[in-house]
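Novice:
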Amino acid sequence: MDEAIRQLRERIDALDAELLERMNERARCAARIGELKGESAVYRPEREAQVLRRLTQINAGPLPPQAIQHLFTELISACRALERRPVVAYLGPRGTFSEEAVLRQFGAAADGLPVASISEVFRAVAAGEASYGVVPVENSTEGGVGQTLDEMAASPLRICAEVQLPIHHCLLAREASLDGLSTVYAHAQALAQCNRWLTRHLPAAEHVALSSNAEAARRAAGQPHAAAIASAAAAPLYGLEVVRANIEDEPGNTTRFLVLGSQAVAASGRDRTSLVMAAANRPGGLLQLLVPLARHGVSMTRLESRPSRLGKWDYLFFVDLEGHESDSAVAAALAEVGEKAAFCKILGAYPVAVA
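Just so we're aligned: 456 in the working numbering is position 296 of the sequence shown, and the numbers increase by one with no gaps anywhere.
In structure tokens, the structure reads:
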């Protein structure tokens, strides 16, 4: 058996050397492409989505698809950094799910820029302090994130990509016990996503909503009878223990994040187009905006309303469509919608998150 193990280890060593050579060859090819592109964007979400989809499809195992996607995301990230490391703004402080979304999309070879609010993410990217921004837009349990939608309606930034992140909440505290906990800090959405668990296990605890779950962890770290709802990654950052893991009420709890930037993104083959529109103030106004989608066979995957803040009971409608804005059917439908709408703005066309 010892001889068989020795031979297998020698084979692994040889494969590692071959992998190293191939990875560096890939990096040289990527760097050469960067030289040919000149000053164009180093982050190409449509190309990266195509690469990850193709590798997932041809993967014969035993490595699972998630492992393949993670490994190649990091390889792409390292190759991208040979040209330029992107700076990515996100809702901080460190340890938020927004930071996890940045790592999932951009890999480790990017510089995260934690900021105090979702509005600050938009401002940092628009001002050129960050190359891109990552913001939450909707949760599978609690629905849309109003602040993100409001900012998108007014911002000149475009959606470049999306990230779907499974959300597993943990209860963190200074001691790994529920005894004596009287206050629970968390973002309002996290409190709502764990409401049943909190009612069952900490019925007398006060719930205090804060700007982020990481801020909740920071606050709980300084109080002996307080806990925070945050990610497991936040625990070591703030010197806390994981009291209970996976306390979210819905096991499939997922948050969708958007990557914001200034570039238009080409079609990847599996895309989504987002827009915001306002209906004319007349009977059937909204219906007239939806009819062109059905006429051209364009599927609408999301419709959400938000107050426009321009007048009482005046609303904006946020819509996600299947397909890229350059696709003939989508383009024809959008042209008709633009003619009928009181206001219509394309927020971006971008690749669907690789599952």
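C-beta atoms are modelled at their ideal positions from N, C-alpha and C, and glycine is treated no differently.
Computed from a predicted structure; not experimentally measured.
Could you tell me the alpha carbon to alpha carbon distance between Met460 and Phe257, rounded to whole angstroms?
Specialist: Linking Met460 to Phe257 through their CA atoms gives a straight-line distance of about 27 angstroms.
Novice: Quick one: give me the first and last residue of the beta strand (DSSP E) that Val323 is part of.
Specialist: Start and end: 318-326.
Novice: Taking DSSP as the reference, what is the three-state secondary structure of Asp271?
Specialist: strand
Novice: Just to confirm my understanding: we take His328, look at its own chain, exclude 5 residues before and 5 after, and list those with CB closer than 6 angstroms. What are they?
Specialist: Here the set comprises Asn406.
Novice: Please report the residue range of the beta strand (DSSP E) in which Val281 lies.
Specialist: Premise fails: Val281 lies in the alpha helix (DSSP H), 278-286, not in any beta strand (DSSP E).
Novice: May I ask which residues mark the beginning and end of the alpha helix (DSSP H) holding Ile506?
Specialist: Element bounds for Ile506: not the alpha helix (DSSP H) but the beta strand (DSSP E), 503-511.
Novice: Between Thr414 and Pro326, how many whole angstroms is the CB-CB distance? I'm expecting something under 8 angstroms.
Specialist: 5 angstroms
Novice: Where does Glu401 fall in DSSP's three states?
Specialist: Glu401 carries a strand assignment under DSSP once its states are collapsed to helix, strand and coil.
Novice: So for Ile407, helix, strand or coil by DSSP?
Specialist: Secondary structure of Ile407 (DSSP, three-state): coil.
Novice: Can you list the beta strand (DSSP E) stretches of 3 or more residues lying completely in the segment 200-261, in chain order?
Specialist: Within the segment 200-261, the complete beta strand (DSSP E) runs of at least 3 residues are 247-251.
Novice: Given 8 angstroms as the limit, is there contact between the segment 280-300 and the segment 360-373, that is, 3 or more CB pairs closer than that?
Specialist: no
Novice: Would you list the residues sitting across from Pro296 in a DSSP beta bridge?
Specialist: Beta-bridge pairing links Pro296 to Phe417.
Novice: What's the C-alpha gap between Leu481 and Gly255?
Specialist: 32 angstroms
Novice: What number of angstroms, rounded off, separates the C-alpha of Ala513 from the C-alpha of Ala364?
Specialist: 40 angstroms
Novice: What does the Cβ neighbour count give for Met161, buried or exposed, with the cut at 16 atoms within 10 Å?
Specialist: exposed
Novice: Helix or strand or just coil, what does DSSP make of His385?
Specialist: coil
Novice: Since Phe478 and Leu446 should fall inside the 8 angstroms C-beta cutoff, what is the C-beta to C-beta distance between them, to a whole number of angstroms?
Specialist: No, Phe478 and Leu446 are not in contact; Cβ-Cβ is about 13 angstroms, not under 8 angstroms.
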